[in-house]
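Heads up: the sequence shown begins at 530 in the numbering used here, then just goes up one per residue. For glycine and all other residues, C-beta sits at the position ideal for the given N, C-alpha and C.
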Amino acid sequence: MKIGLLVFGLAGLLALISFMPPLAGRLRLPYSVLLAIVGFVLGVVIHVHGWAPGVVADFLDTLQHFEISSETFLYVFLPVLLFETALAMNIRRLLDDISPILVMAIVAVVACTVAVGFTLAAISPYGLVVCLMLGAIVATTDPVAVVGIFREVGAPRRLTTLVEGESLFNDAASIALYSVLLSMLYTGGTLSVTEVARSFLFGFVGGGVAGFVMGRLTGFLFRWLRGWPAAEVTLTVAIAYLTFFVAEHYLGVSGVVATVVAGLVVGSTGRTRMSPTTFEQLEGAWSQFGFWANSLIFIFAAMLIPRMMAEITWMEVLLILVVFIVTLCARAVIVYGLLPLLGRLRLSTQVSRSYRVVMLVGGLRGAVSLALALAVTEQPAVPHEARQFIAVATTGFVLMTLFINGLTLRPLIYRLGLNQLGPVDRTLRDQAQVVELDALRLKIDEIARNEHIGQEVMDRLHAVFDAGQAGVGAGQVRQLAEEQKVAVGMSILAGREEEMFFETLKAQVVDWRTAESLLARAERLGDAVRTGGLAGFEAAIERDMRYSLGLRAALWLHFVTGWQFWLGRELTQRFTNLMCKWAVAGRLIRFARADVQPLLGPEVTDIIIAAHERRLTLLEGALQALALQYPSYAQYLQEEYLARMARAMERMRYRDMLKQNLISGETYADLIHQVDMRWQYLEKTGELDITLSAEALIRRVPWFEGADAATLKAVQRVLKPRLAVPGQEIHTRLGRSHAMYFVASGAVVLDLDDGTTAELGSGQIFGEMALVLGHDFQPKVHSLGYSRLLMLHERDFKRLLQNLPDLREKIDTIAAQRLRAVEVWQQFQSGERQHEPLPPLEPEGPAPQSSS
């Protein structure tokens, strides 16, 4: 076909499908159903178009000569559809329901394949492998029609996530089973459950790993392309196709899973590593790509229906009905049997009965099933009868799901009330409407006075406001219990917190690493609030204040090896996160007073504010501890924060001037360039200097005051500098050996066996009893602040004290005093206390002061 005619045909199809969405809305038909009808009509008309005028005849003739193969579906359209859907998904919400999603995507596919395969093999003349292949083909669901209906009627977001998540991964399961069964038909091998399971798991897991690597690589490359939106969007298009092809042809794993995982990773990291404007362009571009791909693939697939159904027999019609019933029953077993079991076993959150009904009916099939059936018809090694049967059965089954399930889904959602707000949301909506209409009435009255608009006009507008408030009681929010109102208010603030962090990213107040961490933590906090209300918030902020896994690992590595760089990076990240969360927490409290109080009332707002003030206190305490230890870096963070805010406000001001035509586009570009040059130093991220010099720390310990250079050098060789963070446990037993510590700065607390505690400050030691006296006294030691310590290992202990007899005498004295105190206390505990005073502390060695 000539290139000109090919472009003419594609342009005509794009023009045709551009009218399909509004037409589907007017006819109240699912979009995919309308596309199937249009495609079917085109498939019939292109064979009898002699009556058409010249342009239309040429267009139909061009469509007739389109070479539509299964590879066109799988390699041209499928990567775009998968990547676009994955890119738009919220990975946090997907992970929240990953258990039911994987059950529907994997177990349901296997159940459908087995049920259809063995049922048809028992009642039809076709072999078991052929019937199982048909089961695998019809097991994959198409979310486009279902999600389109969900969005139109306002179905719950979680239901949409469940359906979209299932369709993303069940394509991989279906195609993997299809490929294994097709290879068996080629080779004539026997059916092996072990081989099928091995191939499937290898393809699924391997595809996930490949997609994750490709997605992370893309996120890394975004840093090189930042500021070039067209290049960044182009990279994502290339990655979608490269991931699919490399996974399938070079790695031998599932290209579907790889593309889905890559899309999820790019979608989760892109919003922080791209500029916000670019990410919005990316979402818009991929939405357009997805619309084109989905529309064209449905049109092309539906155009094949007349050809594939041309030789249908009544026996095949009966078998299609059997396939429809069996697949529905198999899906019902999973939806009503396995999903509730997962909830009872607490392997996932409960899926409500109404959700399960919609998931059962919403299992529509579409273009992927038709593409796989078309691929079978192109395989000469498959017997003609088997090819004909699979093509006809798949096509008939897809049409039944579109016209039966698709047309009943909308009324079902209305009947179940899933398109309606819950009681709490309805009450909050009514209260918001009352508050906003009252405020709007006052603003409109002020405008009318300023513009000298007559009272008659204002009376008519007041009538509109009165009609809007009719039936909405001004105090309906009082109907809610206090616990419900608090939960609503906490959810509002959790959502607002996510928006605030994203706004700081848009303004480039924080870098992408910090933004990624803050957004992830804000989403987890929001999830905890939505599921647990105030109690969930309290538990979540307690978890949020804990040290991250990376910081704990860096601390462990630092204590074992003394390596400081990673620990410095992690402390820098914690310092920056605390600073940003502290700033946002204060803004949230002001937001609650100004905007939440009119909705929920002062009593509930006070409870919400009190909870956030407790969080603010925790953040201030953690920040103060860091700032006291690293005052210079605290000042740097404050300076950087203010400078980034100044840069953001300057950019916004110039943008407003451009919108008001105060400056030209050229002037605006030059001003922005000057802004970037002025604040260029902000792109260099500061590092927290935690360098622990053994020489500097030794000089802080009073024991070594006045020591000569040779002594200090000998001590420096064996004492290892260590940093302990607040609350960190410090172990005096390291494997089979022991260690003692000098406190160079900071403070630690010893938890003794008798329930008392001993606080040790600068210049004091602990862990010496096991080394000097061989006494296995192992108190629990925790750091009270950011403490700088000097660790003396057991293997270095004897060597050091042989050369420093004065130091040995001091340590022996303290060890003997502490051992004596422990023995006396034990005698007192057992009732054998002797009437003698505790020995006085010697002046040479500072000892701990115990406190109950």
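For V584, the enclosing alpha helix (DSSP H) starts and ends at G583 to Q593. The residues T614, M618, P672 and V676, in chain order, have a CB closer than 7 Å to that of E693 in the same chain once the five nearest residues on each side in sequence are set aside.
Counting along the chain, K1327 sits inside the alpha helix (DSSP H) bounded by residues E1323 to N1332. DSSP places E596 outside any alpha helix (DSSP H), giving it a letter other than H or E. In its chain, beyond the 5 residues on either side, V1247 have a beta carbon closer than 6 Å to the beta carbon of L1329. Residue pairing by DSSP places L1200 in no beta bridge whatsoever. Residue state for M549 is assigned as helix, using DSSP reduced to three classes. With fewer than three CB-CB distances shorter than 8 Å, the region 694-703 does not count as touching the region 911-928. Looking at the DSSP output, D1280 shares a beta bridge with T1286 and K1309. If only complete runs of 4 or more residues are kept, the region 1220-1262 shows the alpha helix (DSSP H) at 1223-1229 and 1238-1247, in order along the chain. Bounds of the alpha helix (DSSP H) holding H913 are H913 to M929. Going by DSSP, F1271 is part of the beta strand (DSSP E) stretching over S1266 to S1274. Fewer than three beta-carbon pairs drawn from the region 580-597 and the region 876-890 are found closer than 8 Å, and the two stretches are therefore not classed as touching. Contact between L649 and L848 holds, with the beta-carbon distance rounding to 7 Å and staying under 8 Å.
Counting only runs of 4 or more residues that sit fully inside the region 1094-1176, the alpha helix (DSSP H) segments are 1094-1120, 1126-1129 and 1131-1158, in chain order.
In the three-state reduction of the DSSP assignment, M1320 falls in the strand class, which pools E and B. Across the set P1131, V1310, L563 and V855, the C-alpha of V855 shows the shortest separation from the C-alpha of A640.
Linking R916 to A859 through their CA atoms gives a straight-line distance of about 24 Å. If you ignore the 5 residues before and after R1116, its C-beta comes within less than 8 Å of the C-beta of M1029, all in its own chain and listed in chain order. Per the C-alpha coordinates, the member of A1239, L1147, A1276 and G1018 positioned closest to R1075 is L1147. At a Cβ-Cβ threshold of 8 Å, G819 and V609 count as neighbours. Around the CB of G732, 16 or more other CB atoms lie within 10 Å, so the residue is classed as buried. Judged by pairs of C-beta atoms under 8 Å, the region 751-765 touches the region 806-822, as three or more such pairs exist. Partner residues in a beta bridge of I976, as assigned by DSSP, do not exist. Membership of D625 in the alpha helix (DSSP H) is indicated by the continuous run I620 to D625. The DSSP-derived three-state label of I982 is coil. Leaving aside the five residues that flank P629 on each side, the residues in its chain whose CB is nearer than 7 Å to its CB run, in chain order, L691, L868, L871, S877 and V880. In this structure, the alpha-carbon of V643 lies about 11 Å from that of V722. Taking a C-beta distance under 8 Å as the contact criterion, G568 and A839 do not qualify as a contact pair. Beta bridge pairing from DSSP links I1294 with F1271. Here DSSP, grouped into helix, strand and coil, assigns H576 to coil. A787: member of the alpha helix (DSSP H) spanning G784 to R802, first to last residue. Counting along the chain, L833 sits inside no alpha helix (DSSP H), nor does DSSP assign it H or E at all. Look at A1064 here: in three-state DSSP terms it is helix. Taken through DSSP and simplified to helix, strand or coil, Y655 comes out as coil.
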